[in-house]
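Following: one structure in structure tokens, then a few remarks.
2 protein chains.
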Amino acid sequence: MSLRAALLALIEAGGPSSGYDLTKRFEGSLAYVWQASHSQIYPELNRMAADGLLRVEAEGSRGRKTYSITAAGRSELHQWLLETKPEQRVRNEGALRAFLIPLLPREEALGLLREELRHVEARRAELETLCSDVGESSFGRYALERGLRHLVASREWALWAIERLQKSEEARTETARTPTGEL
Amino acid sequence: MSLRAALLALIEAGGPSSGYDLTKRFEGSLAYVWQASHSQIYPELNRMAADGLLRVEAEGSRGRKTYSITAAGRSELHQWLLETKPEQRVRNEGALRAFLIPLLPREEALGLLREELRHVEARRAELETLCSDVGESSFGRYALERGLRHLVASREWALWAIERLQKSEEARTETARTPTGEL
DNA sequence: AGCCGACATGTCAACTTCAACATGTCTGTC
DNA sequence: GACAGACATGTTGAAGTTGACATGTCGGCT
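Note that the protein sequences, when read in sequence, are chains G and E. So the first sequence is numbered by UniProt numbering: it starts at 1 and just counts up by one. So the second sequence is numbered by UniProt numbering: it starts at 1 and just counts up by one.
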């Protein structure tokens, strides 16, 4: 359902679009939030047209089909945004790795965390560039800001975890006791 | 692959376990990070045993099978943690909604954000309880801390967005101009 | 003895997603 | 005229995920 909502929203915001256009937009700023490749988009557009949410407005050269949103599509989007409660299920590989950190020997854990830190910094720089490029009033501004704040949180967490691991190392060296922790 | 890693890690950390045990643990703190139901876990355990990553250590009453990790399993887990780069693809419905906020009339957007704020606060309280319950040295402590920091980031973002929307409303009332934004 | 709830494991059909395969057009340049 | 690169839309098979269906055991309570 989220793919439908995303497609409806992109058409609502950007006006009539082809599958090709939409694929490009999925590769842009939306990629930080949701992904879909053309092999998912084209069939979905056909299904949505069959369901009356979209209408093929024009067929151009090279087989180009331009879809526009119908009243039913607009109402579906509205309903999804306002009446569907957000899917709470998360599947976050980064967080999963975080969960498993205590399984690693300290040095390896630290390596992993430093790697994560580098990665987060790089991504943050990327987003910050995007942020200043698109300016204050871009369509994606809210999502961008959200992504940025989450990256900062990830960075703070990695720093906290590194410090914590280093402290516990010192403690261990002093007392020669190895606490194990429980699940 | 992540499911395999998670199962290997749970057995490595918690000792020999049955599918039932593992299902329960997936419903616990791990649920904030990764989900899997028994219908996914049981077949995967069988496959992993066939692949030599696990060994059926004992068969108890009620058909209970206790799996323990093998050397191959341990090495697979280690390799996944250290040598597989984290999957960068994200699919975040909350962020998708954030992306779409500019599509809504201000009042509805504000409603959505306030709802989000309530939800984040509730979740945060939940995690904070968990955090103090499990104490400092729990296996899931790092993931918990990460989750908490991300929730705080979500909260700050929602507050920022609400304020921004209200400000732009004032600006609009003053100038009677409606900026639209671009994708 | 009967029943309930927790324990315990499985299958199956439907759906989503992805990478790879497949085809063809238009535009500009060498 | 040949070729490259962007434009444009599809299909297919494999893998991951879910909810529903299905089956049976054990312990404790009435």
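Where is the CB? At the ideal position from N, CA and C, for every residue including glycine. Owing to the predicted nature of the structure, the values given are computational and were not obtained by experimental measurement.
* Exposure label - Leu148 (chain E); buried when at least 16 CB within 10 Å -> Translated into positions along the second sequence, residue 148 (chain E) becomes position 148. Its Cβ being crowded by 16 or more others within 10 Å, Leu148 (chain E) is buried.
Quiz item: Do the segment 137-147 of chain E and the segment 115-129 of chain G meet, that is, are 3 or more Cβ pairs less than 8 Å apart?
Solution: no
Exercise for review: Could you tell me whether the segment 96-112 of chain G touches the segment 23-43 of chain E, using the rule of 3 or more Cβ pairs below 8 Å?
Suggested key: yes
Does the separation of the CB atoms of Gly52 (chain E) and Thr66 (chain E) fall below 8 Å? Counted from its first residue, the second sequence places residue 52 (chain E) at position 52. Counted from its first residue, the second sequence places residue 66 (chain E) at position 66. No.
C-beta contact flag for Leu8 (chain G) and Ser17 (chain G) at 8 Å:
Taking the first sequence and counting its residues from 1, one reaches residue 8 (chain G) at position 8. Taking the first sequence and counting its residues from 1, one reaches residue 17 (chain G) at position 17. Going by C-beta atoms, Leu8 (chain G) is not nearer than 8 Å to Ser17 (chain G).
Determine whether the Cβ of Arg106 (chain E) lies closer than 8 Å to any Cβ atom of chain G.
-> Position 106 of the second sequence, counted from the start, is the residue given in the question as residue 106 (chain E). Answer no: the Cβ-Cβ gap between Arg106 (chain E) and chain G never drops below 8 Å.
Checklist entry - Is any beta-carbon of chain G found at less than 8 Å from that of Arg4 (chain E)? => result Translated into the one-based positions of the second sequence, residue 4 (chain E) becomes position 4. No, Arg4 (chain E) lies away from the interface with chain G (no Cβ there is under 8 Å from its Cβ).
When you compare the CB of Leu7 (chain E) with every CB in chain G, is at least one pair closer than 8 Å?
Residue mapping note: residue 7 (chain E) aligns to position 7 of the second sequence, counting from 1. Chain G, which has no Cβ nearer than 8 Å to the Cβ of Leu7 (chain E), makes this no.
Q.
If we require 3 or more residues per run, which beta strand (DSSP E) segments fall completely within the UniProt domain "Transcription regulator PadR N-terminal" (7-78) of chain E?
A. 54-59 and 65-69
Q) Of all Cβ atoms in chain G, is any one closer than 8 Å to the Cβ of Arg124 (chain E)? A) As a first step, residue 124 (chain E) must be located in the second sequence, where it is residue number 124. Chain G contact via Cβ: absent.
Original post:
Residues of chain E with a CB under 7 Å from the CB of His150 (chain G): which are they?
Top reply: Position 150 of the first sequence, counted from the first residue, corresponds to residue 150 (chain G). The contacting residues are His150 and Ala153.
**Prompt:** What are the boundary residues of the alpha helix (DSSP H) that Leu103 (chain E) is part of?
**Reply:** The count along the second sequence starts at 1 and reaches residue 103 (chain E) at position 103. Note, Leu103 (chain E): premise wrong, no alpha helix (DSSP H); not H, not E.
Check: Can you tell me whether DSSP reads Arg172 (chain G) as helix, strand or coil?
Finding: Here residue 172 (chain G) refers to the residue found at position 172 when the first sequence is read from its first residue. Arg172 (chain G): helix per DSSP, three-state reduction.
Q) Where in the UniProt domain "Transcription regulator PadR C-terminal" (90-165) of chain G do unbroken runs of the alpha helix (DSSP H), each at least 4 residues long, occur, reported from the N-terminal end onward? A) 93-100 and 106-134
Local conformation of Glu87 (chain E) per DSSP, three classes: Sequence index remark: in the second sequence, residue 87 (chain E) carries index 87 (1-based). Three-state result, Glu87 (chain E): coil.
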